[in-house]
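Here is the structure we will look at, set down as structure tokens.
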Amino acid sequence: MAGAAVSAAELLSKAQQLVPVALERARAAAGFAGRWKLITSKLELIPSCLSDLSGHPLFSKNTLSREQLQSVTKTLSDAISLAELCRAAPTAAAAVGKLQMQSDLDSLLCKLDLNLHDCALLVKTGVLGEATPPVSPAKRSAELEPSRRNIRELLARLQIGHSEAKHRAVDGLLAAIRDDEKSVLAALGRSSVSALVQLLSSSSPKIKEKAVTILCLIIESGSFDGLLVGEGVLPPLIRLVESGTPASREKAVVSLQRLSITPDTARSVMGHGGVRPLLDLCLTGDSITQSAAAGALKNLSAVPEIRQTLADEGIIRVMINLLDSGIVLGSKEYAAECLMNLTSSNDKLRRSVVSGGALPSLLAYLDGPLPQESGVSALRNIITSVPPETLVSLSVLPRLLHAMKDGSPGAQQAAATAINKISSSSAETKKLVCEINCIPLLVRMLEAKSNGVRESAAQTLAGLVPCKFCARVLKKDEKGVPNLVQMLDPSPANNAKKFSILCLLGISSSRKCKKMMISYGAIGYLKKLSEMEVHGAKKLLERLERGKLRSLFSRR
Numbered sequence: 001m002a003g004a005a006v007s008a009a010e011l012l013s014k015a016q017q018l019v020p021v022a023l024e025r026a027r028a029a030a031g032f033a034g035r036w037k038l039i040t041s042k043l044e045l046i047p048s049c050l051s052d053l054s055g056h057p058l059f060s061k062n063t064l065s066r067e068q069l070q071s072v073t074k075t076l077s078d079a080i081s082l083a084e085l086c087r088a089a090p091t092a093a094a095a096v097g098k099l100q101m102q103s104d105l106d107s108l109l110c111k112l113d114l115n116l117h118d119c120a121l122l123v124k125t126g127v128l129g130e131a132t133p134p135v136s137p138a139k140r141s142a143e144l145e146p147s148r149r150n151i152r153e154l155l156a157r158l159q160i161g162h163s164e165a166k167h168r169a170v171d172g173l174l175a176a177i178r179d180d181e182k183s184v185l186a187a188l189g190r191s192s193v194s195a196l197v198q199l200l201s202s203s204s205p206k207i208k209e210k211a212v213t214i215l216c217l218i219i220e221s222g223s224f225d226g227l228l229v230g231e232g233v234l235p236p237l238i239r240l241v242e243s244g245t246p247a248s249r250e251k252a253v254v255s256l257q258r259l260s261i262t263p264d265t266a267r268s269v270m271g272h273g274g275v276r277p278l279l280d281l282c283l284t285g286d287s288i289t290q291s292a293a294a295g296a297l298k299n300l301s302a303v304p305e306i307r308q309t310l311a312d313e314g315i316i317r318v319m320i321n322l323l324d325s326g327i328v329l330g331s332k333e334y335a336a337e338c339l340m341n342l343t344s345s346n347d348k349l350r351r352s353v354v355s356g357g358a359l360p361s362l363l364a365y366l367d368g369p370l371p372q373e374s375g376v377s378a379l380r381n382i383i384t385s386v387p388p389e390t391l392v393s394l395s396v397l398p399r400l401l402h403a404m405k406d407g408s409p410g411a412q413q414a415a416a417t418a419i420n421k422i423s424s425s426s427a428e429t430k431k432l433v434c435e436i437n438c439i440p441l442l443v444r445m446l447e448a449k450s451n452g453v454r455e456s457a458a459q460t461l462a463g464l465v466p467c468k469f470c471a472r473v474l475k476k477d478e479k480g481v482p483n484l485v486q487m488l489d490p491s492p493a494n495n496a497k498k499f500s501i502l503c504l505l506g507i508s509s510s511r512k513c514k515k516m517m518i519s520y521g522a523i524g525y526l527k528k529l530s531e532m533e534v535h536g537a538k539k540l541l542e543r544l545e546r547g548k549l550r551s552l553f554s555r556r
């Protein structure tokens, strides 16, 4: 490149010489007075701009400053040429054509605006300092490949120049981030992040596609979420979900899923109108976009105050549809989690989910080999809104038993709580629960590592014991008393102890059970629990001690 040999100082001198000439010609130009007056006002700002640029410490050492001076010099030359053409008006201007001259003057104004903007940005925002100095040809081959060596310069070029130059910078940055993601992330700053966000609004679908690909990789790092949201990344991402190319839509919805994990961002996605495009993708997207859209909506549903708005937008019907016909298991899991969130604390939403037909869909989802916690939890949440006879007719209890037996700890806990809710409705349901061999499973769950599982199992047993049939089943279980006594541990972390006391009280009329309680050390636990004033501990202790005295007297 011929201009490469020209130094920054020489280009500065040339630009400074051209400024007064351009001003003189512009002021003398005839025709299009309004445009020439505007051009003149912008030309008058060039000297100050050049002064600021040349005063930067890295002015003479950076390729960006030299390229900027080349652009300014070219713009000044164009201004002089156009002014000379208009100086002989109307003859010369008429030869060019009025419309063409107007177009040329508008183009000149755009170039001046771009030059002034880029000069200010190079100086004031630190872009000039971020870019790398030029590398000599002798060293170039010995250094790392350009995608690593010029990362800072690529980030700087995102912010200056015309659209084609930015397009080239995006290509280079995309190659760099794929080659050395850590170095790119380390070099990112507010100005470069803002430039990438602005590229999402480019008129070029290709630039938008590449920019959102880069941003998606940045978002996956999890280090710039707050900065990206602060720079306004959400609205253009939502627009891409609505009407972007297939590739840009995929990256945009994956980005929204990742960003919406935080409640504040989830609220912002809602506020910027992101719900409807996400719902549409759940119905029409491919496996990746459908799953990501469902994941984003699940994140939104975790924020209590926007759940009703989501329901008003039709999220319940869409999630039920995903449970029935989601393309991949991930979509179904997110749908179940979403329904779980929606029904966690709002009776109105629970009724809406039930009336929308979610129960059969949830039961079909739970028929999988490993019942997921979200599905069981959603079922647990809506049980109180379903008539007991419906639960029986739809074989809900066997599904819950399956979850208690083979599910994750979370699924086991949710299933036990669901059974507790069902059995609390009547003595008949309690007996029905016992008849499907639920009690042996609950007793085994008392041995679980999870405090939550143990507590839910003990609470459910405590709810069943008032039924004589259930109490008899518990008495006959060889692990019933030992496991319940173990749950009397006075440790503050053991929340199951109060329920264990209720269970043991319920079967303490049995002499055999009392002997087993005493033999497994219940009295020692109960003395400590009595001192702690745990409800029922003193009463159970008195029963066991009376039984111990009677046993002593009978032996004598």
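Counted from 1, the sequence shown has number 294 at position 294 by UniProt numbering; the numbering is strictly sequential.
Heads up, the beta-carbon is just placed ideally off N, CA and C, and yes, glycines get one too.
Secondary structure of Glu313 (DSSP, three-state): coil. Counting C-beta pairs closer than 8 angstroms gives fewer than three between the region 102-110 and the region 53-69, which falls short of the contact rule. Residue burial is scored here from C-beta neighbours: Asn62 has at least 16 other C-beta atoms within 10 angstroms and is therefore classed as buried.
Distances from the alpha-carbon of Lys479 to those of Val443, Ile422, Pro492 put Val443 closest. Taking 8 angstroms as the cut-off, the Cβ atoms of Ile288 and Glu337 do not count as close. Within the region 260-346, the complete alpha helix (DSSP H) segments of 4 residues or longer fall at 263-271, 275-284, 287-301, 307-312, 315-325, 329-342, listed in chain order.
Nearest C-alpha to Leu105 among Leu279, Leu82, Lys468, Ser377: Leu82. Cα atoms of Gln198 and Ser163: separation of roughly 12 angstroms, rounded to the nearest angstrom. Taking the Cα positions, Met516 is about 18 angstroms away from Ala458. Take Ala187, set aside five residues on each side of it, and the residues of its chain with a beta-carbon closer than 8 angstroms to its own are Glu130, Ile151, Arg152, Leu155, in chain order. Counting only the Cα atoms, Asp286 lies some 53 angstroms from Leu50.
Ala496 places its beta carbon less than 8 angstroms from that of Arg454. The alpha-carbon separation between Thr417 and Gly326 amounts to approximately 28 angstroms. In this structure Thr309 is exposed. Its beta-carbon is surrounded by fewer than 16 other beta-carbon atoms within 10 angstroms. In the three-state scheme derived from DSSP, where H, G and I count as helix and E and B as strand, Gln372 is classed as coil. Per DSSP, Val485 is one residue of the alpha helix (DSSP H) stretching across 480-486.
Between Ser291 and Tyr334, the CB-CB gap stays under 8 angstroms. For the 8 angstroms CB-CB criterion, Gly463 and Asn420 form a contact.
Nearest in C-alpha terms to Val193, of all of Leu339, Ile218, Lys124, Ala8, is Ile218. Collapsing the DSSP output to three states places Leu116 in a helix. If only uninterrupted alpha helix (DSSP H) runs of at least 4 residues are considered, those enclosed by the region 425-508 are 427-435, 438-445, 451-464, 468-476, 480-486, 497-506. Taking the Cα of Glu428 as reference, the smallest distance to any Cα among Met404, Val396, Leu446, Val392 is reached at Val392. Residue environment for Asp312: exposed (fewer than 16 other C-beta atoms within 10 angstroms of its C-beta). The residue from Phe32, Arg472, Ile80 with its alpha-carbon nearest to that of Leu18 is Ile80. Within a 10 Å sphere around the beta-carbon of Gly97 sit fewer than 16 other beta-carbons, which makes this residue exposed. CA-to-CA, the gap between Val396 and Thr343 works out to about 18 angstroms. Here the alpha carbon of Leu484 sits roughly 57 angstroms from the alpha carbon of Val212. Closest in alpha carbon position to Ser260, among Ala294, Leu12, Gln372, Leu240, is Ala294. Taking a contact as a CB-CB distance under 8 angstroms, the pair Ala471 and Ile507 counts as one, their CB atoms being some 6 angstroms apart. Around Ala26, the same chain offers Trp36, Ile39, Thr40, Leu43, Ala79, Ala83 as residues with beta carbons nearer than 8 angstroms, after the five sequence neighbours per side are excluded. About 4 angstroms separates the Cβ atoms of Val241 and Pro277, confirming a contact at the 8 angstroms cut-off. Between Gln159 and Leu215, the C-beta spacing is not below 8 angstroms.
For Arg190, the closest alpha carbon among the candidates Glu220, Gly161, Asp225 is that of Asp225. Contact between Arg399 and Asn346 does not hold, since the beta-carbon distance rounds to 24 angstroms and is not under 8 angstroms. Distances from the CA of Val21 to each of Leu45, Ser77, Ala33 were compared; the closest alpha carbon is that of Ser77. Pairing Leu283 with Asn321 gives a Cβ-Cβ distance under 8 angstroms.
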